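Presented below is the structure to which this report refers.
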Amino acid sequence: MSGGPVGSAAAEARILVVDDEAGVREGCRKVLAAEGYEVVTAEDGEAGLARFIERGPFAVLLVDLQMPRMSGLELMREARSRDPDILPIIITAHAAIDTAVEGTKQGAYSYIPKPFSPDELLLTLKNGLERRALSIEARSLHEERERRLLEVASERSKSNTIIACMTDGILVINSEKLVVLRNNAAASILPECASRPIPFPLEVVTERGVRETISGVLDSPGGFEILSREIGIGKATYMMNVSPVIEPRGGTSGAVAVFRDVSELKKLETAKSMFVSMVAHEVKSPLAATEGWLNLVLSGTLKAKAEEERRMIQRSLLRVRTLRNMVSELLNLTAIETGNFTLRRALVDVAAVAAEVVEAQREKAAEKGITITVCGGQGPQAAGGPGTRHATGVLADKDALAIVCTNLVENAIKYGREGGHVLVTIARDGMYVAVSVKDDGIGLSPADSAKVFDEFYRARNEQTASIPGTGLGLSLVKRLTELHQGTVSLSSVPGEGSEFTVRIPAAQG
Amino acid sequence: MTEGRTIFLVDDDHDFLELEKSILESRGYRVIPFSDPQAALAALNACAPQERPALVVTDLMMKALDSGFSFTRALKSDPRFSDIPVIIVTAVSSQKGFDFHPRTPADLAAMNAEAFFDKPVSPEALLAKVEELLK
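Going down the list, the protein sequences come from chains Y and E. Following our numbering, the numbering of the first sequence begins with 1348 at its first residue and continues without gaps. Following our numbering, the numbering of the second sequence begins with 1051 at its first residue and continues without gaps.
Structure, rendered in structure tokens:
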């Protein structure tokens, strides 16, 4: 069955001849075949329809009117209902001319009275085929146009959907300062516009900055200026960009305002500048203290003894060292934050790492008369080559783990009681390996406990005033632990001591 | 003579407390150090009138950024202490673009202080200012 241009084109040179006179059928076949047409014949209407259905498509239906079983007109109707492009030509005896004329009214292209010469047949056929080609072309043009229109309509609905769903707010304002489009986001940013039917005057917008910026673009003499401005609406900050709609023939016909929520960026920016000024202050203090001590030594104001001067220089050194630690901790923290801190994970026995760290800190502890006990694990000799499995084994970066343990043990000594005791426990805790470091020192108030993992936060009171520290150690402990999918917790009682516990997922097996 | 008079010194940095104490003591002042402005205020309130300090030297950024300012405000708003001259010595001279440096006597008055120094203060400058304020 044909209908589309492809079927019609395929039908181009195929002709169905239906006549109950075998002579006419064969005559037509000979003439047409000699001209290169492919001819199929049928002896009556019913057979004609069957061939039409089985062997189609055909370009032309040459049909006799008076036939048994199904008349030519009936066959023509059947064929045309199946293929509107078919070109029916009636071949008829002179006596049936009236019927043939009736046939042309019902869609036959023409009729050829019998008997006809081959030239008559071919001429009619040629003209008919030309007309058929023209009508097929016209129809395909029409279809193409319809398809384009449909596409445009669906493009428009696509654009509308895109504009409506954009997270940026959009307002379109014409040169008469009427808002002619606002999307959903704009309606929620400027709620006064939400219930207004489009178009509505720009004055409806309550935010003065918004009106002024839009007017600024519409009223600018050149009309080619794009204005950008940060606008606070409610609790949010928006970056508002207004660009003119420029006509192809020059001049502007309106403006498009886009509102982007930059509140999160703003918060980040503020946090960043606060962090920078905090770092600046934290760096300035130890430098100023060092400078102060050195000044005092050099100025001779105190007329100090050599021994006293030595002590002042030692104090300066202490601050400089703290500063250096701070810088390297800061670099580590930044590396973690920017994702540049690469963990080299291997199977590590937490007990062995903790034991090594404790050994390194024993001297410092002894200066304060503090004894350290390690509980759990098998001591430093079990430092475990790769592949060894312990109940306290984890897949971790050994250096990072050592930094974590060192910070906790150092803190326990720094904030521990003179002559006191530090207990380091390493134990399997369900799916985790837990290291806890407990001291019997000054402890932390609940307020300090809440903030002690924040960068640069240090508990400040009479007891901590003389203890040097960067305020970054515990931040680093927390970040490094979290890089290992672990957690840090703290329990502390002021005046009794603190216990920090780090939990890291245990290695499988 | 100004020597032998009592000075309250407030700073949460152990080094500055000791440093400034040494400087002031070198001229014979009696220095009482505090690492917390709350403790200094408590001590002031507990003082008999004749034991009150002749001068206060304080840091600005202690527990909270403005703890030094609240301390000087508390001092100057109390008629018992409002005559005591205050010297601010601080490492915070600006915060988020806001410059703390007083440029006029009015700025200083707004800070409730008689003098302002950046850390570290030179021993000579501090001693000269103390002497001037105690005259």
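Beta carbons: idealized from backbone N, C-alpha and C, even for Gly. Note that this is a predicted model, so its numbers are computed, not measured.
In the displayed model, residue 1161 of chain E falls within coil according to three-state DSSP, outside both helix and strand. Linking residue 1786 of chain Y to residue 1129 of chain E through their CA atoms gives a straight-line distance of about 46 Å. DSSP, read as helix, strand or coil, puts residue 1622 of chain Y in helix. Residue 1450 of chain Y is positioned such that its CB atom lies closer than 8 Å to that of residue 1420 of chain Y. Taking a 10 Å sphere around the C-beta of residue 1612 of chain Y, we find fewer than 16 other C-beta atoms and assign the residue as exposed. Under the Cβ criterion of 8 Å, residue 1632 of chain Y is counted among the residues facing chain E. Nearest neighbour of residue 1185 of chain E by Cα position, chosen from E:1105, E:1067 and E:1096, turns out to be E:1105. Taking a cut-off of 8 Å on C-beta distances, the stretch 1490 to 1502 of chain Y does not touch the stretch 1459 to 1476 of chain Y, as fewer than three cross pairs fall below it. Taking a C-beta distance under 8 Å as the contact criterion, residue 1700 of chain Y and residue 1665 of chain Y do not qualify as a contact pair.
Residues of the stretch 1156 to 1172 of chain E with a C-beta atom less than 9 Å from some C-beta of chain Y are 1168, 1169, 1170, 1171 and 1172, listed in chain order. Residue contact check for residue 1639 of chain Y against chain E: a CB pair falls below 8 Å. One alpha carbon belongs to residue 1486 of chain Y, the other to residue 1548 of chain Y, and they sit about 47 Å apart. Sequence-distant partners of residue 1519 of chain Y (beyond 5 residues in either direction) whose C-beta falls short of 6 Å from its own C-beta, in its chain, are 1527, 1528 and 1603. Within chain Y, the residues placing a beta-carbon under 8 Å from that of residue 1076 of chain E are 1648, 1649 and 1650, ordered along the chain.
Exposed is the label assigned to residue 1801 of chain Y, since fewer than 16 other Cβ atoms lie within 10 Å of its Cβ.
Residue contact check for residue 1714 of chain Y against chain E: no CB pair falls below 8 Å. Put simply, the CB of residue 1574 of chain Y is far from chain E, with every gap to its CB atoms at 8 Å or more.
Under DSSP, residue 1633 of chain Y takes part in no beta bridge, so it has no partner. Within chain Y, not a single residue places a beta-carbon under 7 Å from that of residue 1150 of chain E; the smallest gap is close to 12 Å. Counted as a single uninterrupted DSSP element, the alpha helix (DSSP H) harbouring residue 1566 of chain Y occupies residues 1555 to 1566.
The stretch 1810 to 1824 of chain Y makes contact with the stretch 1758 to 1776 of chain Y: 3 or more CB pairs, one atom from each, lie closer than 8 Å. Contacts between residue 1635 of chain Y and chain E, judged by CB atoms closer than 7 Å, involve 1141, 1169 and 1170 in chain order. Within the stretch 1735 to 1759 of chain Y, no residue places its CB atom closer than 7 Å to a CB of chain E. Secondary structure note for residue 1394 of chain Y: its alpha helix (DSSP H) is the uninterrupted segment 1392 to 1402. At least one CB atom of chain Y sits nearer than 8 Å to the CB of residue 1073 of chain E. Inclusion of residue 1455 of chain Y and residue 1435 of chain Y in the CB contact set at 8 Å is warranted, their separation being smaller than that value.
DSSP places residue 1811 of chain Y in no beta strand (DSSP E); its state is neither H nor E.
Using beta-carbon distances, residue 1555 of chain Y does not count as an interface residue toward chain E, since no partner is under 8 Å. If the five residues before and after residue 1819 of chain Y are omitted, its C-beta is found closer than 7 Å to the C-beta atoms of 1673, 1676, 1677, 1680, 1802 and 1803, all from its own chain and listed in chain order. With contact defined as three or more Cβ pairs closer than 8 Å, the stretch 1119 to 1133 of chain E and the stretch 1090 to 1109 of chain E are in contact.
Take residue 1541 of chain Y, set aside five residues on each side of it, and the residues of its chain with a beta-carbon closer than 6 Å to its own are 1534, in chain order.
DSSP lists Y:1718 as the bridge partner or partners of residue 1768 of chain Y. By DSSP's assignment, residue 1790 of chain Y forms no beta bridge with any residue. Under a criterion of Cβ atoms nearer than 7 Å, no residue of chain Y is adjacent to residue 1094 of chain E; the nearest Cβ is some 17 Å distant.
By the Cβ criterion, the stretch 1638 to 1649 of chain Y is not in contact with the stretch 1815 to 1834 of chain Y, since fewer than three pairs of Cβ atoms, one from each stretch, lie closer than 8 Å.
In this structure, DSSP gives residue 1389 of chain Y an extended state, which the three-state scheme calls strand.
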